[in-house]
Structure formats: C-alpha cells, structure tokens
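S.K.: Numbering follows UniProt numbering, with no gaps: position 40 of the sequence shown is 40. Below is a structure I'd like to ask you about.
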Amino acid sequence: MNGIAAVEGSGAQRVLVLHGWALDSKVWLDTRALIDHTRFTYAYFDFPGYGSNRSATLADGMEGMAASALAAAASLGWDHFDILGHSMGGATALRVATLAPERVSAVVALTPVSPQGTPLDEATYESFKSAWADPSPVLRGLAPHLTAEQLDNIVGYSRATMNQSVWEAYLENWTKADFFNTLKNCSTPVTLAYGDSDPFVTAEYLSNTASSLSSGTLVAIDNAGHYPMVENSRETVRLWESAFIQASKGVNNV
Numbered sequence: 001m002n003g004i005a006a007v008e009g010s011g012a013q014r015v016l017v018l019h020g021w022a023l024d025s026k027v028w029l030d031t032r033a034l035i036d037h038t039r040f041t042y043a044y045f046d047f048p049g050y051g052s053n054r055s056a057t058l059a060d061g062m063e064g065m066a067a068s069a070l071a072a073a074a075s076l077g078w079d080h081f082d083i084l085g086h087s088m089g090g091a092t093a094l095r096v097a098t099l100a101p102e103r104v105s106a107v108v109a110l111t112p113v114s115p116q117g118t119p120l121d122e123a124t125y126e127s128f129k130s131a132w133a134d135p136s137p138v139l140r141g142l143a144p145h146l147t148a149e150q151l152d153n154i155v156g157y158s159r160a161t162m163n164q165s166v167w168e169a170y171l172e173n174w175t176k177a178d179f180f181n182t183l184k185n186c187s188t189p190v191t192l193a194y195g196d197s198d199p200f201v202t203a204e205y206l207s208n209t210a211s212s213l214s215s216g217t218l219v220a221i222d223n224a225g226h227y228p229m230v231e232n233s234r235e236t237v238r239l240w241e242s243a244f245i246q247a248s249k250g251v252n253n254v
C-alpha cells in the first residue's frame, strides 16, 4: 500500500500533500474544491498508521516519515514534484527536500514544526499526549478561528482515522525531529507560512528555520491559527498555489 488516499487534478504541476499530527489527509477537505485542477495534480498522502494507510507499520521518526512520502511519490511514477505539508507534514516536506533535492521543485510548509525538534517540558508533553482523550481544547487553543462545526469535524475524523498508539508515536516523531543541519544545503524554494493567530508556530518560532534556507520565504496568513487550510481556506490555497507557480517560473515570492 502506497498511502495515497486520493489523486485529484490533471495538471502538469504535481503536488504531494502531507498532513499533520491530529488527523489524516481529510484535513485538506475544505480546500479540495478550491484548488486549480487544470494546472495542478494533487496526491494526498496518509502517513503510515493514518487513514488509508492505517494498517502500515508506523514510521520511525522524521526520517521514516520522509522515506514513506518519497516511496509514495515513486509509486505514482513522479520523478519531480512540489510538496505541500502541514505542521509535522510541513517539517517532513523539508526533510524530503533535503533528502531528494533533485526530485523536489518547491515546498510550501503551513505552520511547520521545527527541524530542530520541539523540546517540550514534561508537563506540556504529557498534556499533548493525554489530549487524545479529548483533543478539542488543545485544537481550539491552537486554531481560534475554527467554527464549532469545523472543530467537531477535525475531532471526528481524528477518531475515525487513527488510534491512540498512532497519536503517541507521531507526537514523539515530530517533537524529536533532528535534521536542522541539513537545511544549509537546501536550495529548493521554500515558503514557510504561519497563521497570525497561531500561539505555537509563530514568526519567532520559525525564524531559525527561515534564516537557514537559502531560498526561504516567511509569510503570515491572516485570520488563521494552526489550521489555516481550514480556518481561511481560500486565502491559504491562493498562497500555496501562487508560491508553486512562482517557483516554477524561478521567482521565489508570493
């Protein structure tokens, strides 16, 4: 099983899409009707243990996550592609770009966690871990612009597409990421986007990552927290498609 939950669009510009920690590729549902299906082809990947890839052995760290994403792209016959990732998927997108720079044309990372890892004190780590019992308060705090219906949908999809073991394993994976030193060799155009209301992934949090990339751009998304593709779908799609189009023309801005 390659972990590809869906392939949509008929465009020549290919985009591998990586989800974050709390749920599988269904996190992109609000954006899928908004994308340019003529210019782009999108492949929505589920990490091992999530969604359509639920029966697979869980990925071992960020390295295993990047390897599984590369294998999924290879299974589609994609030699060159862009990558769109959210949160831990955003960091994974960066790792894929550093592992296979000849294959990755551009990266857009939405509210990405740090390639340096995110050391949490014991109490915070345990609060994230125990949030499996009821993730609503944590998600509400991270994404204040979610409607009640959107929050309920995220929690419902999370429950339907993963289990507690997956929740805990990938929490460890993204908090212990450790590939920051590889960024200096990354010449791939990278857009790092954060929600202006995200209390976790802020401009300050992303500053080291942005400054380490030779072709990195840091941009804020208005009226969004940690889930900009849900909280402000239209603007977020505009941002990432513009970034991919500009990168394809050799221009690194949005």
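Glycine included, each C-beta is placed from N, C-alpha and C at the ideal position.
Just checking my contact of residue 6 with residue 44 at CB under 8 Å: how many whole Å lie between their CB atoms?
M.R.: About 5 Å separates the two Cβ atoms, so the contact holds.
S.K.: Do the segment 96-105 and the segment 117-127 make contact, defined as three or more Cβ pairs closer than 8 Å?
M.R.: No, the segment 96-105 does not touch the segment 117-127.
S.K.: Counting only the same chain and skipping the five closest in sequence on each side, list residues whose C-beta sits under 6 Å from that of residue 24.
M.R.: Correct list, in chain order: 46, 50, 51, 161.
S.K.: Pairs of beta-carbons, one from the segment 209-219 and one from the segment 176-194, closer than 8 Å: are there three or more?
M.R.: Contact holds: three or more Cβ-Cβ distances are below 8 Å.
S.K.: Buried or exposed: which applies to residue 134, given that a residue is buried once 16 or more other Cβ atoms fall within 10 Å of its Cβ?
M.R.: It counts as exposed.
S.K.: What's the gap between the Cα of residue 155 and the Cα of residue 131?
M.R.: Between residue 155 and residue 131, the C-alpha separation is close to 11 Å.
S.K.: Taking the Cβ atom as the reference point for each residue, do residue 79 and residue 15 lie within a distance shorter than 8 Å?
M.R.: No, these two residues do not count as a Cβ contact at 8 Å.
S.K.: Smallest Cα separation from residue 38: which of 12, 61, 63, 20?
M.R.: Residue 12 is the option with its Cα nearest to residue 38.
S.K.: How would you call residue 152, buried or exposed, if buried means at least 16 neighbouring beta carbons within 10 angstroms?
M.R.: Classification of residue 152: exposed, given that the 10 Å Cβ count is below 16.
S.K.: Could you check which residue in 66, 158, 187, 223 has the C-alpha nearest to that of residue 216?
M.R.: If we check each option's Cα against that of residue 216, 187 comes out closest.
S.K.: I need the DSSP call for residue 108, collapsed to helix, strand or coil.
M.R.: DSSP places residue 108 in strand when its eight states are reduced to three.
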